[in-house]
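Those protein sequences? They're chains A and B, same order as listed.
Numbering-wise, this note's numbering comes out as the position in the first sequence, counting from 1, plus 13.
Numbering-wise, this note's numbering comes out as the position in the second sequence, counting from 1, plus 418.
Remarks on the structure that follows.
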Amino acid sequence: MVGIIGYGSYVPRYRIKAEEIAHQWGKNAETIKRGLLLQQKTVPGLDEDTITISVAAAKNALKRAGINPKEIGALYIGSESHPYAVKPSGTVVGEALGIVPDFHTSDFEFACKAGTEAMFVSYSLVKAGVVKYAMGIGADTSQGAPNDALEFSASAGGSAFIFGKENILAELLFTHSFTTDTPDFWRREGAFYPHHGGRFTGDPAYFKHVQSAAKAILKKSGYLPSDFTYAVFHMPNGKFPLRVGKKLGFTNEQMKPGWVVNLMGNTYSGSSPTGFSATLDIAKPGDLILLVSFGSGAGSDAFVFKVTEKINEVRDKAEKVREMLADNPIYLDYGQYAKFREKIIMNE
Amino acid sequence: MPSPRYHREIPQRYRLEAEKCKKCGKILFPPRLICPECGSKNFEKVILPENGKIITFTIIRVAPQQFEAEVPYAIAIVELENGVKITTQVVDCKPEDLEIGNSVKLVFRKIQEEGKTGIICYGYKAVLV
Ligand SMILES: [Zn+2]
Numbered sequence: 014m015v016g017i018i019g020y021g022s023y024v025p026r027y028r029i030k031a032e033e034i035a036h037q038w039g040k041n042a043e044t045i046k047r048g049l050l051l052q053q054k055t056v057p058g059l060d061e062d063t064i065t066i067s068v069a070a071a072k073n074a075l076k077r078a079g080i081n082p083k084e085i086g087a088l089y090i091g092s093e094s095h096p097y098a099v100k101p102s103g104t105v106v107g108e109a110l111g112i113v114p115d116f117h118t119s120d121f122e123f124a125c126k127a128g129t130e131a132m133f134v135s136y137s138l139v140k141a142g143v144v145k146y147a148m149g150i151g152a153d154t155s156q157g158a159p160n161d162a163l164e165f166s167a168s169a170g171g172s173a174f175i176f177g178k179e180n181i182l183a184e185l186l187f188t189h190s191f192t193t194d195t196p197d198f199w200r201r202e203g204a205f206y207p208h209h210g211g212r213f214t215g216d217p218a219y220f221k222h223v224q225s226a227a228k229a230i231l232k233k234s235g236y237l238p239s240d241f242t243y244a245v246f247h248m249p250n251g252k253f254p255l256r257v258g259k260k261l262g263f264t265n266e267q268m269k270p271g272w273v274v275n276l277m278g279n280t281y282s283g284s285s286p287t288g289f290s291a292t293l294d295i296a297k298p299g300d301l302i303l304l305v306s307f308g309s310g311a312g313s314d315a316f317v318f319k320v321t322e323k324i325n326e327v328r329d330k331a332e333k334v335r336e337m338l339a340d341n342p343i344y345l346d347y348g349q350y351a352k353f354r355e356k357i358i359m360n361e
Numbered sequence: 419m420p421s422p423r424y425h426r427e428i429p430q431r432y433r434l435e436a437e438k439c440k441k442c443g444k445i446l447f448p449p450r451l452i453c454p455e456c457g458s459k460n461f462e463k464v465i466l467p468e469n470g471k472i473i474t475f476t477i478i479r480v481a482p483q484q485f486e487a488e489v490p491y492a493i494a495i496v497e498l499e500n501g502v503k504i505t506t507q508v509v510d511c512k513p514e515d516l517e518i519g520n521s522v523k524l525v526f527r528k529i530q531e532e533g534k535t536g537i538i539c540y541g542y543k544a545v546l547v
């Protein structure tokens, strides 16, 4: 049996409301809130990046796993906002967590699905018996260009998952990945903001890949949507995951616990992993959970998890996602936000 | 902060690694070569607790150039649960909300960047709990 032995998330303290961004650009906030189902998003502090968010999420995962970090043989971090172009985030995170030096690490990048890639490889190495424990992290401090629709959603946060063969809190039963060459969203080396291919972003990208991966894993597993207690789909905005879930035959009740996007925004590589983490926060032994990510470019990773008795023992050992979302947020105005995200040109 | 020194100090800055004197039990942070209490050179490694209380603090309004974007910010002396006192920035709060005696937790954050093309230095800071 292989599965998750520890999980944890991190949500930055700062927020900006949709009204504040809409006001800046003369847009109607109600249209955005109704259209995208987004109320606000998280903003990283000036001293936060993918590395610090990964460390914070991983510390929560270690608290729940209760293992010696030295026993982790592999660490993978998925992000589209690694602080260095050359020098893996995993080197700093491994050092900060005390995993160094006997471990393997690599940074993954695949738009919003880099986090589930890290989870997939971590799981596979443990299953193959190459390492005792492996940690996969999805974290981002994503940027949308000013006055772009993405500015309402691109946010910050992350989640970490430790895989092992003993003391499992959620067994990983099935996986499936679905990938094609689809130019829906990209960022060239050196470009500050990403580009998106307008009409490519909906049906041929998100919906096609999420639905194909979900249908394939349902077929592989023999489960029906009604067999699942919960389902989590990547959340580029509030509307897409609910719509894709409905098309696949899932109800809003199944998706609600993991649907954190209205309060958090799209945390890119951390998005569906954090929705999954929020779902584990309230799941009961025996619950089946479907997790499907999406990364532009494009691909989806699908997972079927079964929660065990262990969840009741470890759940309260670290802060939960919804607690962090509610915990004393600091709201920024657009000017403060522009400074935080280094959108203001300073004199050198 | 020159790069070689930053690299040498990673264990204390990233993981709060301190030294405990094997002779008199004093905990030294940052670690030193000789115990200032008893002169012993025998130490064992200990990890400092992450939780503590603000003993005193000051608010920086005029900062060195690399910290200008962060003003106003708070620098505090924090007494950790084992009695060790450290000086650290307190973040994710409005400095005017801080009070002596506030409970804090140490977190891993970016301290500074050596320019836009240099290395990024990480270390501990405090947040209110
Ligand atoms: Zn001594």
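The beta carbon of each residue, even a glycine, is placed where N, CA and C say it ideally should be.
Here Lys232/A is exposed. Its C-beta has fewer than 16 other C-beta atoms within 10 Å.
By the Cβ neighbour-count rule, Gly348/A is exposed, with fewer than 16 other Cβ atoms within 10 Å of its own. Around Pro96/A, the beta-carbon contacts reaching into chain B at under 7 Å are Ile538. For Gly142/A, the closest of Val273/A, Lys356/A and Gly16/A by C-alpha to C-alpha distance is Gly16/A. Taking a 10 Å sphere around the C-beta of Ser521/B, we find fewer than 16 other C-beta atoms and assign the residue as exposed. Excluding sequence positions up to five before and after Lys463/B, its CB lies within less than 7 Å of the CB of Glu435 and Glu437, all in the same chain and listed in chain order. The segment 104–121 of chain A makes no contact with the segment 191–211 of chain A: fewer than 3 CB pairs, one atom from each, lie closer than 8 Å. Residue Ile150/A holds the alpha-carbon nearest to the alpha-carbon of Thr129/A among Tyr97/A, Gly215/A, Ile150/A and Lys145/A. Taking 8 Å as the Cβ-Cβ cut-off, the segment 141–170 of chain A has no residue approaching chain B.
Of all residues in the segment 515–534 of chain B, the ones placed with a Cβ closer than 8 Å to any Cβ belonging to chain A are Val525, Phe526, Arg527, Lys528 and Ile529, in chain order. In chain B, no part has a C-beta under 9 Å from the C-beta of Glu336/A; the shortest such distance is about 13 Å.
Contacts with chain B at 7 Å (Cβ-Cβ) include Val68/A. Assigned with DSSP and collapsed to three states, His95/A falls in coil, not helix or strand. Under DSSP, Met148/A shares a beta bridge with Leu88/A and Ile175/A. Chain A places a beta carbon closer than 7 Å to that of Glu488/B, counting this residue as a contact. Legend: CB atoms of the segment 434–451 of chain B lying less than 7 Å from CB atoms of chain A are not found in any residue. Taking C-beta atoms as the reference points, Tyr27/A and Leu345/A count as a pair closer than 7 Å. Here the segment 312–319 of chain A makes contact with the segment 187–194 of chain A; the two share three or more CB pairs at distances below 8 Å. A direct Cα-to-Cα measurement between Asp120/A and Ser102/A gives close to 6 Å. The DSSP-derived three-state label of His247/A is coil.
Inter-segment contact for the segment 273–289 of chain A and the segment 218–236 of chain A is absent: fewer than three beta-carbon pairs are separated by less than 8 Å.
Rounded to whole angstroms, the Cβ separation of Gly111/A and Lys145/A is 16 Å, and the two are not in contact under 8 Å.
Under the Cβ criterion of 7 Å, Tyr424/B is not counted among the residues facing chain A.
In the structure shown, Phe165/A adopts helical secondary structure according to DSSP, grouped into three states.
The alpha-carbon separation between Glu336/A and Leu516/B amounts to approximately 22 Å. At a cut-off of 7 Å between C-beta atoms, Tyr542/B does not count as an interface residue with respect to chain A.
Burial state of Met148/A is buried, judged by a 10 Å Cβ sphere holding 16 or more other Cβ atoms. Taking the C-beta atoms as reference points, Thr292/A is found nearer than 7 Å to Tyr243/A. Ordered by chain, the residues meeting the criterion of a beta-carbon within less than 6 Å of a non-hydrogen atom of ligand 1 are Cys439/B, Lys441/B, Cys442/B, Lys444/B, Cys453/B, Glu455/B, Cys456/B and Ser458/B. The straight-line gap separating the alpha-carbon atoms of Asn460/B and Asn81/A is approximately 26 Å.
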